[in-house]
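Going by the working numbering, the sequence shown opens with residue 917, and the numbers climb by one from there. A virtual CB, placed ideally from N, CA and C, is assigned to each residue, including glycine.
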Amino acid sequence: MRMYVNGLRQEDILRVLSQLDPNTPLLDLSWNGLCNRTAEELVQILRALPAKLQSLDLSGNALVFKTTARLVQILCALPPNLRSLNLSGNGLSFKTADELVHILGALPANLHALGWAEMGFGRKSAVDFIRILGALPVNLKSLDLSENHLGRKTADELVCILGALPANLQSLNWSENGLGRKTTDELVCILGALPVNLQSLDWSENGLDRKTTNELVRILGALPANLRSLDWRENGLGDKTTEDLMQILGALPRSLQSFNLSWRRLCDKSIEEFVQILRVLPVNLLSLDFKQSALDCKTADELIQILRALPASLRSLDLSSNVLSRKTADELVRIFSALPENVQSLNWSDNALGSKTADEIVHILSVLPANLQSLDLRYNALGNKTDEELIALIAVFRESALTELRLDNYIMQRPAVRAVYDDIIGFRAHNARQKETGLLALLVSELTPSLPAASSASHPAGFFASSSSSLQASNHSRPAYKCTLQ
């Protein structure tokens, strides 16, 4: 659930929080100017959070402007049962190593996931950074260290830094750290120092473009053998031939279940080459990301071939930002009828679906897989539809398996639409209750860096995915839930 409290009076914020369902598991308070509130006010806010809150996003709130003593006071007010916290983009690297050790010591002892991105830790000495990492909660399973300029460290320093990570860490976001400046031998050593239990790694946008095919094969071969989730966007695939790509992708860990293959130039490949590339992916793949891959350049028949070539095991598929609205409604019906029948999560956001008539959209949605549990339709310009038309779209999923339908905030602020949404998909609806018991288990057991909750802190959406509604007053929004392993 996303809350906008910037500019609200303290008593209004406390009133809204008191009206939240005590079982609310996810709350996003990112980019709310919380640094402008006193430490005492922030303590009041944190103590008013839902009793069973599991995940909290406080990113982008410039908390660096609070003294260390005040930050400790604030963090000590966090719910004791909190499992996931995002502090990214708060400028805390400007604190000294001693101060950061003190601050980390105030975190809940049972914290399992921490967002610590965009902090500039590359400015710290390796010795100081190792001390800081040593103060992390011992039970931590997921850590986001993206955009920290860690590529400035020597390979030996990075090996020591990775060795200081919590022993039981399962998920690490190491993206956008400029590691492409390292030699292949150095990268192999660095990857060899990753925690032995690591299951999820985000290594995207590290500038490996200048590495040859053989070098990339060596680098991928150094990944942990039991890795389940890998994000490898923007890392040297752009100019590779189909043969090169098949060799590179063939070096992926066979245990891999989630892979991000977002790549604009993929559409330059012929349909035969495209299908060849898909067929070398790990056979047990559960989640595949195709966002911003210019799939609109392919014909409807070609897209059908692509979807039919996807691994039969696939459960989660991201097709966002592919301008699929350029296809006719009849073509989209044919295309989505070809989705693997076991797909449970589909991201179809940012595809200009609103350019179709309401009747056409209803027809398209009606052919989605029967087992679908999560659907993202945000950023599709659906605001031009009437309340009645939007209600008809939501009604497609009545009595279906769907437990999450993500729509834009401005749509969810329409009272008539929201009422129907709450009746069919909302927190107390039958659909939502089907998966209520599975949400917290997923939150704790699948703490991967590219969960919907793990986008860059530089984006107002924060580390955790916000739900389909915003909140400035009393609101019974259901928690965000997305069945992906990304």
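Whether residue i touches residue j by CB criterion (8 Å)
{"i": "Leu-1085", "j": "Leu-1056", "result": "yes"}
{"i": "Ser-1087", "j": "Gln-1115", "result": "yes"}
{"i": "Ala-1286", "j": "Ala-1317", "result": "yes"}
{"i": "Glu-1107", "j": "Ala-1138", "result": "Before going further, note that residue 1107 is Leu rather than Glu in the sequence given. Contact flag set, yes."}
{"i": "Leu-998", "j": "Leu-972", "result": "yes"}
{"i": "Glu-1218", "j": "Ile-1187", "result": "yes"}
{"i": "Leu-1410", "j": "Pro-1053", "result": "Past the boundaries of the shown model lies residue 1410; the chain is included only from 917 to 1402, so the question cannot be answered."}
{"i": "Leu-1233", "j": "Val-1259", "result": "yes"}
{"i": "Val-1075", "j": "Ala-1051", "result": "no"}
{"i": "Cys-992", "j": "Ala-1022", "result": "yes"}
{"i": "Leu-1202", "j": "Ser-1174", "result": "yes"}
{"i": "Leu-1110", "j": "Leu-1078", "result": "yes"}
{"i": "Ala-1311", "j": "Ile-1280", "result": "no"}
{"i": "Leu-1204", "j": "Leu-1182", "result": "no"}
{"i": "Asp-1118", "j": "Asn-1093", "result": "no"}
{"i": "Leu-1153", "j": "Ile-1164", "result": "yes"}
{"i": "Val-1133", "j": "Ala-1080", "result": "no"}
{"i": "Arg-1250", "j": "Arg-1294", "result": "no"}
Limits of the unbroken beta strand (DSSP E) element including residue i
{"i": "Gly-1031", "result": "1029-1031"}
{"i": "Ser-1058", "result": "1058-1060"}
{"i": "Arg-1322", "result": "1320-1322"}
{"i": "Asp-1234", "result": "1232-1234"}
{"i": "Leu-1262", "result": "1261-1263"}
{"i": "Leu-1291", "result": "1290-1292"}
Exposure of residue i, with buried meaning 16 or more beta-carbon neighbours within 10 Å
{"i": "Glu-1034", "result": "buried"}
{"i": "Ser-1366", "result": "Residue placement at Ser-1366 is poorly supported in this model, since its pLDDT is 41, which falls under 50; the coordinates still yield a value, given next. Ser-1366 should be labelled buried."}
{"i": "Pro-1331", "result": "exposed"}
{"i": "Gly-1005", "result": "buried"}
{"i": "Tyr-1337", "result": "buried"}
{"i": "Pro-938", "result": "exposed"}
{"i": "Gln-1329", "result": "exposed"}
{"i": "Phe-1313", "result": "buried"}
{"i": "Arg-963", "result": "exposed"}
{"i": "Phe-1252", "result": "buried"}
{"i": "Gly-1342", "result": "buried"}
{"i": "Ser-1041", "result": "exposed"}
{"i": "Phe-981", "result": "exposed"}
{"i": "Asn-952", "result": "exposed"}
Endpoints, the alpha helix (DSSP H) within which residue i is located
{"i": "Asn-1325", "result": "1325-1328"}
{"i": "Phe-1045", "result": "1042-1050"}
{"i": "Phe-1190", "result": "1187-1194"}
{"i": "Asn-1130", "result": "1129-1137"}
{"i": "Leu-1165", "result": "1158-1165"}
{"i": "Ser-934", "result": "926-934"}
{"i": "Arg-1250", "result": "1245-1253"}
{"i": "Thr-1215", "result": "It is not in any alpha helix (DSSP H) - Thr-1215 carries neither H nor E in the DSSP assignment."}
{"i": "Cys-1076", "result": "1071-1079"}
{"i": "Arg-1242", "result": "No alpha helix (DSSP H) holds Arg-1242; DSSP gives it neither H nor E."}
{"i": "Ala-985", "result": "984-991"}
{"i": "Tyr-1295", "result": "Unbroken run through Tyr-1295: none, as it is neither H nor E."}
{"i": "Ile-1341", "result": "Run containing Ile-1341: none; DSSP gives neither H nor E here."}
{"i": "Arg-1314", "result": "Looking at the DSSP string, Arg-1314 is not in any alpha helix (DSSP H), and its letter there is neither H nor E."}
{"i": "His-1279", "result": "1274-1281"}
{"i": "Asp-1104", "result": "According to the sequence provided, residue 1104 is Val. The question's Asp does not apply to it. Where Val-1104 is concerned, the enclosing alpha helix (DSSP H) stretches over 1100-1108."}
Min CB distance residue i to chain B below 8 Å
{"i": "Gly-1166", "result": "Looking for chain B here will not work: only one protein chain is present."}
8 Å contact criterion, which residue i and residue j should meet: CB distance rounded
{"i": "Ala-1225", "j": "Leu-1194", "result": "5 Å"}
{"i": "Leu-965", "j": "Pro-995", "result": "6 Å"}
{"i": "Gln-926", "j": "Glu-957", "result": "5 Å"}
{"i": "Met-917", "j": "Leu-943", "result": "5 Å"}
{"i": "Leu-933", "j": "Ile-961", "result": "7 Å"}
{"i": "Gly-1031", "j": "Leu-1001", "result": "7 Å"}
Identified DSSP bridge partners for residue i
{"i": "Phe-1175", "result": "Leu-1146 and Leu-1204"}
{"i": "Leu-972", "result": "Leu-943 and Leu-1001"}
{"i": "Ser-1087", "result": "Ser-1058 and Ser-1116"}
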